[in-house]
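So the sequences go chain by chain: H and F.
The first sequence runs 1 to 112 under our numbering.
The second sequence runs 1 to 115 under our numbering.
Every residue gets a Cβ at the ideal spot worked out from N, C-alpha and C, and that includes glycine.
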Amino acid sequence: NAGVTQTPKFQVLKTGQSMTLQCAQDMNHEYMSWYRQDPGMGLRLIHYSVGAGITDQGEVPNGYNVSRSTTEDFPLRLLSAAPSQTSVYFCASSYGAGTEAFFGQGTRLTVV
Amino acid sequence: GENVEQHPSTLSVQEGDSAVIKCTYSDSASNYFPWYKQELGKRPQLIIDIRSNVGEKKDQRIAVTLNKTAKHFSLHITETQPEDSAVYFCAASIDRGSTLGRLYFGRGTQLTVWP
Numbered sequence: 001n002a003g004v005t006q007t008p009k010f011q012v013l014k015t016g017q018s019m020t021l022q023c024a025q026d027m028n029h030e031y032m033s034w035y036r037q038d039p040g041m042g043l044r045l046i047h048y049s050v051g052a053g054i055t056d057q058g059e060v061p062n063g064y065n066v067s068r069s070t071t072e073d074f075p076l077r078l079l080s081a082a083p084s085q086t087s088v089y090f091c092a093s094s095y096g097a098g099t100e101a102f103f104g105q106g107t108r109l110t111v112v
Numbered sequence: 001g002e003n004v005e006q007h008p009s010t011l012s013v014q015e016g017d018s019a020v021i022k023c024t025y026s027d028s029a030s031n032y033f034p035w036y037k038q039e040l041g042k043r044p045q046l047i048i049d050i051r052s053n054v055g056e057k058k059d060q061r062i063a064v065t066l067n068k069t070a071k072h073f074s075l076h077i078t079e080t081q082p083e084d085s086a087v088y089f090c091a092a093s094i095d096r097g098s099t100l101g102r103l104y105f106g107r108g109t110q111l112t113v114w115p
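As structure tokens, then:
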């Protein structure tokens, strides 16, 4: 049982490049979310999904896209990377509302 | 939407002392309040949670209290140990409407326990 798996763990991008952060869970969880963590700002929600085919914006969605074609996978796409997107990104999943969220190991992204 | 505020942002205690972290929330419809611990370089992990129909919950040295009237909840750690040093996040979740299941996090408290 791997839990929530994020790849890559580290990434350096040049301004304007695009990339996809991968997130997969094997717990058959319906809820999946992407957060970014910046010093002093806590965990800010980028996008989330309550099931396959359903996504919604969170607190800081600009510059990011998501899709949820399967229950297991929830990739996060950076369309045109900017230095302001330098951050640590966490994917999380949970069984449903009011249940424990399990986090991936995080992706440290640097945009130069 | 929901707004969660967390205080203090940093907290230093001597080993063996107690530590208290407080959070307030704005939406009275919030009904689930988890606490996460994040060690340096690691992922956040749930340490305790409480639902709105319960006023207090304990798990060994950790306890959480909830005051629905005042819309605040607190984490209490007794007999602190150096391994309790970490960032602690509170969160609130609303169980209705378009925000069903969303977690709203506080900004975190850096707890340092000195030996």
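Counting the other Cβ atoms within 10 Å of the Cβ of residue 53/F gives fewer than 16, which makes it exposed. Note on geometry: alpha-carbon atoms of residue 62/H and residue 84/H lie some 11 angstroms from one another. Taking a 10 Å sphere around the C-beta of residue 10/H, we find fewer than 16 other C-beta atoms and assign the residue as exposed.
Nearest to residue 50/F by C-alpha distance, out of 42/F, 75/F and 69/F, is 75/F.
Across the set 87/F, 71/F and 88/F, the C-alpha of 71/F shows the shortest separation from the C-alpha of residue 27/F. Note on the segment 20-58 of chain F: whole beta strand (DSSP E) runs with a minimum of 3 residues are 30-38 and 45-51, in chain order. Against chain H, the beta carbon of residue 95/F has neighbours under 9 angstroms at 97 and 98, listed in chain order. Closest in alpha carbon position to residue 19/H, among 98/H, 106/H and 75/H, is 75/H. If the five residues before and after residue 86/F are omitted, its C-beta is found closer than 7 angstroms to the C-beta atoms of 37, 38, 39 and 111, all from its own chain and listed in chain order. Residues 56 and 74 of the same chain have their beta carbon placed closer than 6 angstroms to that of residue 65/F, with the five preceding and five following residues left out of the count. Between the beta-carbon of residue 92/H and that of residue 4/H there is about 7 angstroms, and that keeps the pair under the 8 angstroms contact cut. 30, 31, 33, 35, 37, 40, 41, 42, 43, 44, 45, 48, 50, 56, 58 and 59: these are the residues of the segment 29-63 of chain H whose beta carbon lies less than 9 angstroms from some beta carbon of chain F, given in chain order. Residue 92/F has 104/F as its beta-bridge partners, per DSSP. Nearest neighbour of residue 80/F by Cα position, chosen from 43/F, 58/F, 18/F and 46/F, turns out to be 18/F. Here the C-alpha atom of residue 92/F lies approximately 16 angstroms from the C-alpha atom of residue 32/H.
In this chain, residue 85/H is not harboured by any beta strand (DSSP E), its DSSP state being neither H nor E. Around the beta carbon of residue 31/F, 16 or more other beta carbons lie within 10 angstroms, which makes this residue buried.
DSSP places residue 28/H outside any beta strand (DSSP E), giving it a letter other than H or E. At least one C-beta of chain F is nearer than 9 angstroms to the C-beta of residue 104/H.
The DSSP-derived three-state label of residue 83/F is helix. Residue pairing from DSSP places residue 66/H in a beta bridge opposite 76/H. Around the beta carbon of residue 4/F, a 10 Å sphere encloses 16 or more other beta carbons of the protein chains shown; the residue is thus reported as buried.
If you draw a straight line from the Cα of residue 99/H to the Cα of residue 111/H, it comes to about 34 angstroms. Rounded to whole angstroms, residue 107/H and residue 25/F show a C-alpha spacing of 29 angstroms.
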